[in-house]
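Comments concern the structure below.
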Amino acid sequence: MDYAERDTGDEYGEGVPCWADAMLPDVEGGKRFYGELFGWTFDEGAGPEYGHYAQASLGGRAVAALAPKADGRMPTVWTVYLATPDAAALAGRIKAAGGSMVTEAMTVGPFGTMGLAADPEGAVFGLWQAGTHRGFGLTQAPGAFCWTEVYSRDKDRVDPFYEGVFGYRGHDLDLDGVAFRTWSPAGAEPGPDTAVGGRQLFPAADAVGARSADGYSTPEMPPHFLVYFTVADADATTATATRLGGRALMPPTDIPYGRMAVIRDNQGAVFAVLQD
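Per the working numbering, the sequence shown starts with residue 1, numbered consecutively.
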């Protein structure tokens, strides 16, 4: 996994994470939280026809967005979007492979085409076919996206799904007792140096109440994606998040790829930070 600071190009290959956003009850509160935490600045927000979507930037380069929840029953959550040149065709492959579409592919003005999908275990991720909005303008830099992984229970269901739908090439790792699989784009030599995401397994179902070796996941959690942001100092970032009303679900911990923490923000959305 290459964590060197990166200005992104105009194009993302299919299946490569290209965007992330958070659905929040209070976007203005989210701006204060993430603005202080990551140094993000925000535009004035899109109009009502685009859900008052507020884009965050670092140094003038797009890094994420915050959006108000249209319905209080919707989850407060970070969502990662995977790039595609044809969202409708990708939606068809997702359904044929045992997944489902939570939100069918739809055009978002001139910006692009989006959809929300769920894998066979129910983990939700986004699809993005770029128009004028290409996706991240910066990754792998402090305050910017760097990684994502899906937490799953049955690798025999989810691995063939993602590898069949996106053409990912898998590489298995044992990270201090955690069974982990990285995914590299189609055509790339599989391994950590080319990986764009990964799959991690929950602890065994008979270990209810116990945390897994990753220090974060529990058997009771639903399958989900975890979005990571690069930080210069995981301990300082976690302390700031706590001061701002967030909570460390996993305190800063050393892993083979750096020092990470999992944080719940002051409204309930969960994300991870990684210091390389």
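C-beta: ideal position from N, C-alpha, C; glycine also.
Can you give me the Cβ contacts of residue i inside the same chain, cut-off strictly under 8 Å, excluding the 5 residues immediately before and after it?
i	result
glycine 135	Thr8, Tyr12, Cys18, Trp19, Ala62, Tyr81, Ala83, Trp128
glutamate 104	Ala91, Gly115
aspartate 71	none
aspartate 159	Gly170, Arg181, Arg199
glutamate 163	Arg169, Gly170, Trp183
serine 217	Tyr151, Gln200, Phe202, Pro203, Arg211
alanine 195	Met1, His171, Thr182, Trp183, Ser184
Drop a sphere of 10 angstroms on the beta-carbon of residue i, count the other beta-carbons inside from all chains shown, and report buried for 16 or more, exposed for fewer.
i	result
threonine 281	Because the chain in this structure spans residues 1 to 276, residue 281 falls outside the shown range and cannot be described.
methionine 260	buried
valine 273	buried
threonine 238	buried
alanine 232	exposed
valine 124	buried
arginine 73	exposed
alanine 186	exposed
aspartate 176	exposed
aspartate 154	exposed
glycine 137	buried
valine 102	exposed
What are the partner residues of residue i, as DSSP defines its beta bridges?
i	result
tryptophan 183	Gly170, Gly197
phenylalanine 225	Val150
glycine 126	Tyr81, Leu116
alanine 272	Tyr228, Val262
threonine 253	Met260
arginine 247	Arg264
threonine 145	In the sequence under discussion, the amino acid at residue 145 is phenylalanine, which differs from the threonine named in the question. In the DSSP output, where bridge partners are listed per residue, phenylalanine 145 has Phe229.
aspartate 21	Ala65, Thr79
For residue i, which residues in the same chain have their Cβ closer than 6 Å to its Cβ, ignoring the five residues on either side in sequence?
i	result
glycine 209	Only weak support is given to the placement of glycine 209: the predicted model assigns it a pLDDT of 48, under 50, and the question is left unresolved by the model.
serine 100	Ala118
glycine 30	Leu24, Leu66
alanine 87	Ala105, Thr113, Gly115, Leu127, Gln129
phenylalanine 33	Leu244, Asp265, Asn266
glycine 215	Met250, Thr253
Got a sec? Which residues, its chain only, sit under 7 Å from residue i by beta carbon, not counting five neighbours each side?
i	result
phenylalanine 111	Gly131, Thr132, His133
aspartate 26	Gln267
arginine 264	Gly246, Arg247, Leu249, Val270
phenylalanine 229	Phe38, Gly143, Ala144, Phe145, Cys146, Phe271, Val273
phenylalanine 327	Past the boundaries of the shown model lies residue 327; the chain is included only from 1 to 276, so the question cannot be answered.
Taking only beta-carbon positions, decide if residue i is within less than 7 Å of chain B.
i	result
isoleucine 263	Any reference to chain B falls outside this structure, which holds one protein chain only.
> Taking three-plus beta-carbon pairs below 8 Å as touching, is the region 174–187 in contact with the region 137–144?
Replying inline: no
> In the region 24–109, which residue ranges form an unbroken beta strand (DSSP E) of at least 3 residues, counting only runs that do not cross its ends?
Replying inline: 54–58, 61–68, 77–83, 100–108
> Okay, do the region 21–39 and the region 232–251 touch, 3+ Cβ pairs below 8 Å being the bar?
Replying inline: yes
> So, do the region 81–100 and the region 168–177 have three or more beta carbon pairs nearer to each other than 8 Å?
Replying inline: no
> Counting Cβ pairs, one atom from each stretch, are 3 or more of them under 8 Å apart for the region 143–153 and the region 221–232?
Replying inline: yes
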